[in-house]
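Residue numbers 222 to 577, in my numbering, belong to the letters of the sequence shown in order. Backbone N, C-alpha and C fix where the C-beta goes; we use that ideal spot for every residue, glycine too. Below: the structure, in structure tokens.
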Amino acid sequence: MQVVKVDIDTAAPLHPEASILIIYTGGTVGMVFDEKEQHLVPFNFSQITEHVPELRQFNYLLTVLSIEPAIDSSNVSVQDWLMLARLIEENYEKYDGFVVLHGTDTMAYSASAMSYLLENLQKSVIFTGAQVPIGRIRTDARENLITALQIAATKEQGRSVVPEVCIYFRNLLLRGNRSKKVESSHFDAFKSDNYPPLAETGIELDFSFESILPYPQQPFRVHHALNDKVAILKLFPGITAHVVQSILQAPGLQGLVLETFGSGNAPTVPWFLELLQEAIGRGILILNVSQCDEGRVDQGRYETSKYLLNMGVIGGADITTEAAISKLMYVLAHEELSHQERERLLQQNLRGEISL
Ligand code: ASP
Numbered sequence: 222m223q224v225v226k227v228d229i230d231t232a233a234p235l236h237p238e239a240s241i242l243i244i245y246t247g248g249t250v251g252m253v254f255d256e257k258e259q260h261l262v263p264f265n266f267s268q269i270t271e272h273v274p275e276l277r278q279f280n281y282l283l284t285v286l287s288i289e290p291a292i293d294s295s296n297v298s299v300q301d302w303l304m305l306a307r308l309i310e311e312n313y314e315k316y317d318g319f320v321v322l323h324g325t326d327t328m329a330y331s332a333s334a335m336s337y338l339l340e341n342l343q344k345s346v347i348f349t350g351a352q353v354p355i356g357r358i359r360t361d362a363r364e365n366l367i368t369a370l371q372i373a374a375t376k377e378q379g380r381s382v383v384p385e386v387c388i389y390f391r392n393l394l395l396r397g398n399r400s401k402k403v404e405s406s407h408f409d410a411f412k413s414d415n416y417p418p419l420a421e422t423g424i425e426l427d428f429s430f431e432s433i434l435p436y437p438q439q440p441f442r443v444h445h446a447l448n449d450k451v452a453i454l455k456l457f458p459g460i461t462a463h464v465v466q467s468i469l470q471a472p473g474l475q476g477l478v479l480e481t482f483g484s485g486n487a488p489t490v491p492w493f494l495e496l497l498q499e500a501i502g503r504g505i506l507i508l509n510v511s512q513c514d515e516g517r518v519d520q521g522r523y524e525t526s527k528y529l530l531n532m533g534v535i536g537g538a539d540i541t542t543e544a545a546i547s548k549l550m551y552v553l554a555h556e557e558l559s560h561q562e563r564e565r566l567l568q569q570n571l572r573g574e575i576s577l
């Protein structure tokens, strides 16, 4: 893998109003149709202004870093997330904001992971992409990219207005670790049911200042580790002991996101409770996340969740599965912490991912 750099000064000969680093990782957004091969291929991102000539109207200094070969986001890995965090760290002082072009399929996972890796973020990191490739006439890439750049460049009194990792898509700016991909064909691909949008765009960019995280007082800090010894177990009526057991006994497993019913409810059959109890006894951290898109886990409200509470399953409140799995990876990577300290971190609101 290599990173190719191109500078585009849309302000020259004037002094640029803002400098933005665009990191192109791959996905539909950067595809054009190859007439000869009759399929979509990644285009050379240095030619971005040919596809989006409107960029020339900005007074920005844009630098594009393209990851080559481009990653279809279904292939994104923990190593890619760490590499992205490192790229942002290395360029943090030089730019006013960051736009990450990424496939939509796993964008919510990547944005969640970045929110944990980038602590005390004082600048915008806006993920965006497209449902229709940039080379197509009806592409949504142009509007998504242009507005993401504008948001990343927006400052008030010299400070970024949105010091967060976000997803901008269609007309919504969402907190990254509150987002989910909910559409595979329409343009409004992302939702954040448990948290209001940070901005809505129409004629104006309309920011909801009360929903945006406060500007951090502590220095920016990048984390360089995630622990991938984790799994997600989605419950369903009829799930067998064999399936639950094979996941809980996966070699090296240290953390599990348990996707439960409603407000955090699970079967009460003895084999199920015994398997969970035995896993907790081995030190596995289990985070209870609801299968519902709205509402929250409230362990103890029903008998079917009281058992979980009593045995030490951690309630995930209103976290998304996408944020829960990266929160587990982040917390488990802190090897210096005790088991209790990790449990406590999982219950805390670390980056605006849960409402307590
Ligand atoms: N498969 C593509 C990806 O996630 C889809 C997209 O970009 O929308 O990389």
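*List the DSSP bridge partners of Asn392.*
Indexing the sequence shown from 1 puts residue 392 at position 171. Answer by DSSP bridge pairing: none, since Asn392 is not bridged.
*Using alpha carbons as the reference points, say which of Gln498, Tyr528, Asp449 lies closest to Ala487.*
To locate residue 487, count along the sequence shown from 1; it is residue 266. The shortest Cα separation from Ala487 among Gln498, Tyr528, Asp449 belongs to Tyr528.
*Going by the CB atoms, is the gap between Val383 and Ile367 shorter than 9 Å?*
The residue labelled residue 367 in the question sits at position 146 within the sequence shown. The residue labelled residue 383 in the question sits at position 162 within the sequence shown. Not a contact, by the Cβ cut-off of 9 Å.
*Which term fits Trp492, buried or exposed, when burial requires 16 or more other beta carbons within 10 angstroms of its beta carbon?*
What you label residue 492 is simply residue 271 of the sequence shown in a count that begins at 1. When all chains shown are included, Trp492 counts as exposed.
_Distance between beta carbons of Asn570 and Ile535, contact taken as under 8 Å_ = Numbered from its first residue, the sequence shown carries residue 535 at position 314. Numbered from its first residue, the sequence shown carries residue 570 at position 349. That pair is no contact at about 13 Å.
*Unbroken beta strand (DSSP E) runs of length 3 or more, entirely within the region 490 to 546: which are they?*
506 to 511
*Taking 8 Å as the line, does the beta carbon of Thr249 fall inside it for any heavy atom of the ligand ASP?*
Taking the sequence shown and counting its residues from 1, the one referred to as residue 249 is at position 28. Yes, the beta carbon of Thr249 sits closer than 8 Å to at least one heavy atom of the ligand ASP.
_Any alpha helix (DSSP H) of 4 or more consecutive residues that is wholly inside the region 254 to 339_ = 269 to 272, 299 to 312, 328 to 338
*Give the single residue among Tyr330, Val403, Phe348, Glu256 whose Cα lies nearest to the Cα of Cys513.*
Residue mapping note: residue 513 aligns to position 292 of the sequence shown, counting from 1. When only C-alpha atoms are compared, the closest one is Val403.
*asked:* Contact defined as beta carbons within less than 8 Å: I believe Asn392 pairs with Glu421. What is the distance between those atoms, to the nearest angstrom?
replied: Working through the sequence shown from its first residue, we reach residue 392 at position 171. Working through the sequence shown from its first residue, we reach residue 421 at position 200. With a Cβ gap of about 6 Å, Asn392 and Glu421 count as contacting.
_Same chain, Cβ closer than 7 Å to Thr525, five either side skipped, listed in chain order_ = Sequence index remark: in the sequence shown, residue 525 carries index 304 (1-based). Answer for Thr525: Asn486, Ala487, Thr489, listed in chain order.
*Distance, Cα to Cα, Lys450 vs Leu474?*
For the purposes of this step, residue 450 is identified with residue 229 of the sequence shown, where counting begins at 1. For the purposes of this step, residue 474 is identified with residue 253 of the sequence shown, where counting begins at 1. Looking at the two C-alpha atoms, the distance is approximately 5 Å.
*Closest to Ser576 by CA distance: which of Asn280, Gln259, Leu419, Asn415 is it?*
The residue you call residue 576 lines up with position 355 of the sequence shown. Ser576 has its Cα closest to that of Asn415, out of Asn280, Gln259, Leu419, Asn415.
*Coarse secondary structure for Lys548, derived from DSSP in three states*: Taking the first residue of the sequence shown as 1, we reach residue 548 at position 327. Reduced to three states, the DSSP call for Lys548 is helix.
*Quick one: measure Cβ to Cβ for Leu434 and Phe428, integer angstroms, because I've assumed they're closer than 8 Å.*
For this step, residue 434 is matched to residue 213 along the sequence shown. For this step, residue 428 is matched to residue 207 along the sequence shown. Not a contact, Cβ separation roughly 12 Å.
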